Structure formats: structure tokens, C-alpha cells
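Encoded as C-alpha cells, the structure appears first; notes follow it.
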Ligand code: SF4
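In our numbering, the protein residues as written are 212 to 275.
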């Protein structure tokens, strides 16, 4: 599974990296950066929690 963040949509609420600090991190302005787009199976639940809790729907998970 892969994860990506639409930087133009992210407003820097920070919920993603609060919920999944192994998957997401903050840039200098509080916006989300993906640490590694290729998720390990252990990271998938946290990545999904981050995506589900993003108020801007900026996070996309894909199965490829
Ligand atoms: S929760 Fe969404 S809007 Fe907030 S920092 Fe993460 S990706 Fe950006």
C-alpha cells in the first residue's frame, strides 16, 4: 500500500502526524510530509487513521 499527500490541499492541521508519527511528519510550516510513500503492513492502520481524520481529505491511500 502507498500513501501520498496533496500538498495543495493540506492546510496543516497536523492530525495526521499526531496520529501516525511513523508515517507522516511536519514540514517547517506544519504541513504534512510523507516519510516513506511505501507503507509496511504494520504502518497501514496508522496511515488509514491519519487519512480518515484529515479534515481536508488530503491523504490518499492506494493498493499499488
Ligand atoms: S491532517 Fe490533513 S490537513 Fe492536516 S497536516 Fe495532515 S494532511 Fe495536512
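C-beta: ideal position from N, C-alpha, C; glycine also. Note that this is a predicted model, so its numbers are computed, not measured.
Give every residue of the same chain whose Cβ lies closer than 7 angstroms to the Cβ of residue 260, excluding the five residues on either side of it in the sequence, and list them in chain order.
Excluding positions up to five away in sequence, the list reads 230 and 231.
Give the list of continuous beta strand (DSSP E) stretches no shorter than 3 residues that lie fully inside the region 229 to 264.
Listed in chain order, the complete beta strand (DSSP E) runs (minimum 3 residues) inside the region 229 to 264 are 235 to 237 and 243 to 245.
Taking the beta strand (DSSP E) that residue 271 belongs to, which residues open and close that run?
It spans 270 to 273 - the beta strand (DSSP E) in which residue 271 sits, taken as one unbroken run.
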